[in-house]
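In UniProt numbering, the protein residues as written are 1 to 56.
Cβ coordinates follow ideal geometry from the N, Cα and C atoms, glycine included.
If you're wondering where the values come from, they're calculated on a predicted model, not measured in any experiment.
Structure follows, in structure tokens:
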């Protein structure tokens, strides 16, 4: 995945994010990647990363 594709996936997830707790949000890109994001008080992304899949 190119750097621009990573930015695009994060922006897609940002457009449909839901609050998890505190300043942590979760959104899903069009291709199904769950992205966890932490936002500052102005709503800007501080960090974003793929959500870890739990294995049982």
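Identity of the residue in 21, 26, 52 nearest residue 10 by Cα: The candidate whose alpha carbon is nearest that of residue 10 is 26.
Every unbroken beta strand (DSSP E) within the UniProt domain "Bacterial EndoU nuclease" (2-51), with a cutoff of 3 residues, ordered by chain: Within the UniProt domain "Bacterial EndoU nuclease" (2-51), complete beta strand (DSSP E) segments of at least 3 residues are found at 18-21, 24-28, 34-39, 45-50, given in chain order.
Alpha carbon of residue 50 to alpha carbon of residue 42, nearest angstrom: Those two C-alpha atoms are separated by around 22 Å.
Straight-line Cα distance separating residue 48 from residue 40: Taken atom to atom, the span from the alpha-carbon of residue 40 to that of residue 48 is near 12 Å.
Counted within 10 angstroms of its Cβ, other Cβ atoms place residue 15 as buried (16 or more) or exposed: Under the 10 Å beta carbon count, residue 15 is surrounded by fewer than 16 other beta carbons and is classified as exposed.
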